[in-house]
Amino acid sequence: MNKHRLDFECENLGNGIFRINEFDFVNAFLVVGDEKAALLDCGVGIGQLREFAETLTDKPIIVLVTHAHADHDGGAVWFKEIYIHPLDKRISEFDQTAAARIYFLHQHPYKRKTHKVRFSDAFQKEFTPVRHDLNEGDTFDLGGRVIETFFTPGHTAGHVTFRDSLTGALFTGDNVNPLVTLQFPGAVSLEEWRESAVRTLLLADGNPIYGGHGDGRIPAQVIEANIALADEILTQPNEEKGTVKKKTAGEKLPAVVYKTDKIHKK
Ligand SMILES: [Zn+2]
Ligand SMILES: [Zn+2]
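Every position in the sequence shown, counted from 1, becomes a number in the working numbering once 1174 is added.
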């Protein structure tokens, strides 16, 4: 019997794209070309994601990471190498430690209980991966389709967005969720996030936008509404900007939480 968990939930999105959900914590996306496959983000690593991905494709798999947070690159422990933006590399080294992965699990007791996830799962590890630089303009030819990289700082300073040339689909990690999260250490300013969000909409050009959490679907309208909310915050008088601002514009509209005093300075 295999000692590693392989009971991921997987959704076939068509055109060789799979959404792999790791116990409700996070999504990773597998994009399969004629010669190679790309895994976009690699989960917390509670399950053995490499083995699972190999049940979906027999092509060699490369791992490209949207940003350094333990739910997106903690699972790099199952891979020999990953590609990540240089600005997120330092955090990424920590993300693959048991401490970072346990800390993440600790924050999600309900999901842990529902999916019978044990803290000890976070001690499992096969590799300390080599981290290659991933920069704006980098492309990965998978055969019949190319993954393009766009630098979109926001949720983290080194956050990138990927585009699949075959379908035009975007993979946006945690940068344009319904709840814009810029409060963690390492996030950039709301102004910079706004630029990336506007760029994301242009890049998507009406094609699907897939994100790291929930069912993975990010409607363009959510991003548009969040940009409008960001504009409201940014046009407030300066003295009010140092406080937490939470804006909800209606039941189904998103929220922006902005805490300028927590902006990480290097
Ligand atoms: Zn994140
Ligand atoms: Zn996340």
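For glycine and all other residues, C-beta sits at the position ideal for the given N, C-alpha and C. All values derive from a computational prediction rather than experimental measurement.
Closer than 6 Å: residue i CB and nearest ligand 1 heavy atom
i, result
"H1243", "yes"
"D1269", "no"
"I1262", "Residue 1262 is actually Asp in this sequence, not Ile. No; taking the cut-off as 6 Å, the Cβ of D1262 has no heavy atom of ligand 1 nearer than that."
"D1348", "yes"
Spatially closest choice to residue i from the options, by CA coordinates
i, options, result
"L1375", "A1343, E1300, F1226", "A1343"
"I1392", "D1348, I1236, E1209, S1363", "D1348"
"N1195", "R1179, K1210, D1208, E1209", "R1179"
"K1254", "V1291, R1193, I1236, H1246", "I1236"
"N1400", "G1190, L1204, S1370", "S1370"
"Q1222", "G1249, H1333, D1232", "G1249"
"H1289", "F1297, L1279, P1411", "L1279"
"L1340", "R1319, H1259, P1411", "R1319"
"F1324", "P1283, H1241, D1198", "H1241"
"F1336", "A1212, V1372, A1394", "A1212"
"E1398", "R1286, I1265, V1372", "V1372"
"L1364", "L1403, R1286, N1309", "L1403"
"G1207", "D1198, K1233, L1214", "K1233"
"G1388", "I1407, G1360, N1351", "N1351"
"V1205", "L1308, V1362, L1230, H1333", "L1230"
"R1368", "E1310, P1327, E1228", "P1327"
"H1333", "Y1284, Q1357, V1362", "V1362"
"G1217", "E1310, F1182, I1407", "F1182"
"K1285", "F1345, F1197, I1383", "F1197"
"A1378", "D1262, N1309, F1345", "F1345"
"D1405", "P1382, V1239, E1366, N1381", "E1366"
"P1260", "C1184, A1272, E1310, P1283", "E1310"
"D1315", "K1210, Q1395, F1203", "K1210"
"L1353", "P1283, V1396, G1380", "V1396"
Cβ-based neighbour list, residue i, same chain, cut-off 8 Å, excluding 5 preceding and 5 following
i, result
"E1225", "N1176, H1178, L1180, W1252"
"T1302", "V1251, Q1270"
"G1219", "G1248, G1249, A1250, V1251, W1252, Q1270, R1275, A1296, Q1298, K1299"
"T1355", "H1329, D1348, A1361, V1431"
Check: residue i C-beta below 6 Å from any heavy atom of ligand 2
i, result
"D1247", "no"
"G1217", "no"
"G1207", "no"
"G1386", "yes"
Residues of its chain near residue i, where Cβ-Cβ distance is below 6 Å and the 5 sequence neighbours each way are ignored
i, result
"A1274", "A1244, F1268"
"G1188", "none"
"T1313", "V1320, E1322"
"N1201", "R1193, N1195, G1386, G1390"
"P1382", "A1343"
"I1258", "V1239, S1266, R1305, L1308"
"D1262", "H1241, A1242, T1330, G1332"
"L1214", "F1203, L1238, F1336, F1345"
"L1427", "Model confidence at L1427 stands at a pLDDT of 49, short of 50, so the residue's coordinates are unreliable; what they give is reported in the following sentence. Excluding sequence neighbours, L1427 sits near A1399."
Contact set for residue i: own chain, Cβ-Cβ below 7 Å, skip 5 residues either direction
i, result
"E1300", "V1251, W1252"
"N1186", "F1192"
"G1360", "I1265, T1330, A1331, H1438"
"G1317", "G1207, D1208, E1209, K1210"
"F1293", "I1276, L1279"
Residue(s) in a DSSP beta bridge with residue i
i, result
"G1188", "I1191"
"T1313", "E1322"
"H1306", "Y1257"
"A1202", "I1194"
"E1300", "Paired residue(s): none; E1300 is not in a bridge."
"E1183", "N1195"
Short CB-CB distance (under 7 Å) between residue i and chain B
i, result
"I1397", "This model lacks chain B altogether, as it is built from one protein chain only."
task = Entirely within the region 1212-1297 and at least 3 residues each: give me those beta strand (DSSP E) ranges in chain order.
result = 1235-1238, 1255-1258
query = Can you list, in chain order, the stretches of the beta strand (DSSP E) that have 3 or more residues and sit fully within the region 1328-1398?
reply = 1334-1338, 1353-1355
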